[in-house]
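Asks: What follows is a structure written as structure tokens; I'll ask about it next.
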Amino acid sequence: MNLPTRKKPEVLAPAGNLRGLKTAVDYGADAVYCGGKAFGMRSAPKNLSLEDFEEGSRYAHEHGARVYVTCNVLPRNNEVEALREYVGQLKDTGVDALIVSDIGVMLMARQVAPNLELHVSTQAGVTNYQAANAFYELGARRVVLAREMDLQAVRDIRANIPDDLDIECFVHGAMCMAFSGRCLFSNYLTGRDGNHGECAQPCRWKYSIVEEKRPGQYFPIEQTKDGAYLFNSQDMNMLEHLDDLIDSGATSLKIEGRAKSAYYIAAMTNAYKTAVNEYMIQRGFETADGTVLKPFRDRVIRPSDPDFAEAMAAAGEDQVMRNADAAFSGVSDEGYEQLGAAETNAANDGVAERQSVAIASEPDKSQDAAADVSAAPATSVPAKSGPLNEPDNLSYHARSTRRKSNTAAEEITTDWKHAAVRPAPHVTLPAWLIDEPDKVAHRDYSTGFYYPEHKVTQNTDRSAYFRSWMVVGEVLSWSSDEGGRVTLMSRNKIEPGQQVEFLLPGSQPLAYTVPASGLKDADGVPVPAINNPAHVFSMPCPHQVPINAAIRSRTKRPTLKAE
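Counting from 1 along the sequence shown, just add 22 to a position and that's the residue number in the working numbering.
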């Protein structure tokens, strides 16, 4: 039995195998996306068999979660019939949706598996509401937006599509340097097809220049002793800005990482689920125990809203971007402006009043934006006359939409206006939660393309991951015997006096100091330290901890190594 679509923000977690799927569900995922043995965009993980999908779907549904299967390759002619057969097999496994990018696959899936939802993959490159509406007419119930979209584009799409068409946006993980994953670089250099899940990530290799008359003499493109990494994009981390994205109309928040470890899945799923819960509480939709106070709705002002004109006039300067400017500048929360009494009451609904900075947005620093502003005011379009470099109406329209796009609604001769959002206080997160993304292996973080003034860039000094925390064990069981004892499978060294954390679903990690004595091996023999990986040990622990909980510890020296 398929589960219905959620009516509030969805945390969508990755899984590369059955264990990852169950881990994601255990740590709060509302839905899990995973690939089968074929036709998915990740071939490195083991992926799931049909039997795995059946078991995983049962497990997810028992816990109120959904399962989506990636079928987002662009099939070649000789793969079409095999893909048709595969979709026919998937429809009986209990999964809830197929993620597709090819329009032919989409139409075929509607015929073969009409009971499954269709989600349009980011590989389809949806960048506007017209494309989203076209896919909706073809039967899609979700579009995964291209990763190069900013917040203004998200809200513009949300305001101009049906409310029952979901918008899915990436919030965390690796950023592909190519246009929505449609890269031929790996195929060209290694013969490994990125579109069929075999990308070798050559964009992150180190490159140097060789001058024709100096064979064998390599010059780094940037003059550093370590060379240069041309396309080595930063990782995305939107944890502290989820309120901006949800307010802008994102229905589903997607964590990247089907090739990642179970620990990564657990930590990031738990972090983003906790952040969404904070959003629901601070926005007044739910109480801390999950009791619904009012139906969830994003804050995008739609043309169909009864109070559209009044809401647009009241929105004034874009508060989302003003809050973002304050956050990026590091200014502390001190006050909140431009929130009317009615909005204040609606935002609070019994929740403690939140405050955030309201400062003027920084001037746009881009040359294109400066040229637009100097050419004409936002409310008029320069006439097509004079030198050839004078923009006509069409080119002005195209250029004007490329300014800093999170600004007050623009008026141009086409009657187009950017969608605005109803102002609301910034959602604040506890310090421990903000620290969670730093406790998994990652590249330098960015907020992707969501904020035009703070776009993702490249790392030019390294291509490795940064790791300052490591997994040292995994809980096998907990017993109240001897005042509490945890049995664990070791991963790295654990010794007396060491500070560790137990990763707990739905709550702050449990900090614990390893006791000076009481460590034992699998036979109950006392040991001075746990220093044998992949072996069973136990240690005193008065706190009840769940099975499969990861035990982690800060590394003595940060390393450039992935999980």
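Even for Gly, the Cβ is constructed at its ideal location relative to N, Cα and C.
The structure presented is a predicted model; accordingly, all values stated were derived computationally and were not measured.
With respect to the beta strand (DSSP E) encompassing Val-165, which residues constitute its N-terminal and C-terminal limits?
Replies: Here the beta strand (DSSP E) through Val-165 covers 164-166.
Asks: Let me check understanding here. Comparing Cα to Cα, which of Gly-505, Tyr-487, Phe-488, Thr-509 lies closest to Val-497?
Replies: That would be Thr-509, whose Cα lies nearest to the Cα of Val-497.
Asks: So the alpha helix (DSSP H) Leu-455 belongs to, where does it begin and stop?
Replies: First-last of the alpha helix (DSSP H) with Leu-455: 453-457.
Asks: Tell me the residue span of the beta strand (DSSP E) that contains Tyr-90.
Replies: 88-93 is the span of the beta strand (DSSP E), which, as asked, contains Tyr-90.
Asks: How many Å lie between Leu-264 and Thr-273 at the Cα?
Replies: Looking at the two C-alpha atoms, the distance is approximately 11 Å.
Asks: Whole angstroms is fine: what's the gap from Ala-572's alpha carbon to Glu-458's?
Replies: Their Cα atoms are separated by approximately 14 Å.
Asks: Among the residues of its own chain, which have a CB less than 6 Å from the CB of Gly-372, if the five just before and after it don't count?
Replies: With a pLDDT of 36 at Gly-372, under the threshold of 50, the modelled position of this residue cannot be trusted, and the question is left open.
Asks: Do Ile-287 and His-194 have their C-beta atoms within less than 7 Å of each other?
Replies: No, these two residues do not count as a Cβ contact at 7 Å.
Asks: So, Lys-295 versus Gly-78, is the Cβ gap smaller than 7 Å?
Replies: Contact: no.
Asks: Rounded to whole angstroms, what is the Cα-Cα separation between Phe-75 and Val-443?
Replies: Answer to the nearest angstrom: the Cα atoms are 39 Å apart.
Asks: Would you grab the beta carbon distance between Arg-513 and Phe-488 for me? Rounded to a whole angstrom, and I think it's under 8 Å.
Replies: Not quite, the Cβ-Cβ distance comes to about 19 Å (not below 8 Å), so this is no contact.
Asks: Which two residues bound the contiguous alpha helix (DSSP H) that contains Asp-178?
Replies: Per DSSP, Asp-178 belongs to the alpha helix (DSSP H) from 173-181.
Asks: Which of the three DSSP states is assigned to Ala-333 in this structure?
Replies: The answer is helix: DSSP assigns Ala-333 an H, G or I state.
Asks: Taking Val-567 as the reference, which of Lys-113, Leu-526, Cys-93, Asn-553 has the closest Cα?
Replies: The candidate whose alpha carbon is nearest that of Val-567 is Leu-526.
Asks: From His-565, Ser-326, Val-549, Leu-25, pick the residue whose C-alpha is nearest to that of His-139; which is it?
Replies: Checking the sequence, you will find Glu at residue 139 rather than His. Out of His-565, Ser-326, Val-549, Leu-25, Leu-25 has the C-alpha closest to the C-alpha of Glu-139.
Asks: Identify which residue in Asp-52, Phe-192, Tyr-473, Met-334 has its Cα closest to the Cα of Gln-174.
Replies: If we check each option's Cα against that of Gln-174, Tyr-473 comes out closest.
Asks: Please report the straight-line C-alpha distance between Val-134 and Gln-521, rounded to a whole angstrom.
Replies: Distance between the alpha carbons of Val-134 and Gln-521: 54 Å.
Asks: I want to know whether the stretch 82-94 touches the stretch 37-56 - three or more CB-CB distances under 8 Å.
Replies: Counting Cβ pairs under 8 Å, three or more are found: they touch.
Asks: Please report how far the alpha carbon of Ala-331 lies from the alpha carbon of Glu-339, in whole angstroms.
Replies: So the alpha carbons of these two residues sit roughly 15 Å apart.
Asks: Give the straight-line distance between the Cα atoms of Glu-262 and Glu-32, rounded to the nearest whole angstrom.
Replies: Taking the straight line joining both Cα atoms gives about 16 Å.
Asks: Identify, in the order they occur along the chain, each residue of the same chain with its Cβ nearer than 6 Å to the Cβ of Val-322, setting aside the five sequence neighbours on each side.
Replies: Here the set comprises Arg-177, Arg-180, Ala-181, Gly-271, Ala-441, Val-443.
Asks: Count the other CB atoms, across all protein chains shown, that sit within 10 Å of the CB of Gly-38; report buried if there are 16 or more and exposed otherwise.
Replies: Flag for Gly-38 reads buried.
Asks: Let me know if Pro-97 comes out buried or exposed under the rule of 16 or more other beta-carbons within 10 Å of its beta-carbon.
Replies: So Pro-97 ends up on the buried side.
Asks: At the level of alpha carbons, what is the spacing between Leu-455 and Asn-554?
Replies: Near 31 Å, if we compare the C-alpha coordinates of Asn-554 and Leu-455.
Asks: Which of helix, strand or coil does DSSP assign to Gln-566?
Replies: In this structure, Gln-566 counts as coil in the three-state DSSP scheme.
Asks: Applying the 10 Å Cβ sphere with the 16-neighbour rule, what's the burial state of His-565?
Replies: Counting Cβ neighbours within 10 Å, His-565 comes out exposed, since fewer than 16 surround it.
Asks: Between the Cα of Ile-552 and the Cα atoms of Ala-281, Leu-541, Pro-562, which residue gives the shortest distance?
Replies: The shortest C-alpha separation from Ile-552 is found at Leu-541.
Asks: To the nearest angstrom, how far is it from the Cα of Thr-309 to the Cα of Ser-539?
Replies: If I take the Cα positions, the gap works out to 43 Å.
Asks: Taking DSSP as the reference, what is the three-state secondary structure of Ile-287?
Replies: Three-state result, Ile-287: helix.
Asks: I'd like to confirm the pairing. Which residues does DSSP put opposite Tyr-473 in its beta bridges?
Replies: According to DSSP, Tyr-473 bridges with nothing at all.
Asks: Can you give me the C-alpha to C-alpha distance between Asp-188 and Ala-131, rounded to a whole angstrom?
Replies: Straight-line Cα distance between these residues: approximately 19 Å.
Asks: Would you kindly check if the distance between the Cβ of Phe-524 and the Cβ of Asp-543 is under 7 Å?
Replies: In this structure, Phe-524 does not lie closer than 7 Å to Asp-543 by Cβ.
Asks: Can you check whether the CB of Val-148 is closer than 7 Å to the CB of Ala-156?
Replies: No, they are not a contact pair.
Asks: What are the partner residues of His-194, as DSSP defines its beta bridges?
Replies: The partner list for His-194 (beta bridge, DSSP) reads Asn-259, Ile-277.
Asks: Can you give the Cα-Cα distance for Pro-136 and Cys-563, rounded to whole angstroms?
Replies: Rounded to the nearest angstrom, the two C-alpha atoms are 51 Å apart.
Asks: Need the endpoints of the beta strand (DSSP E) that Gln-521 sits in, please.
Replies: That run of the beta strand (DSSP E) goes 521-524.
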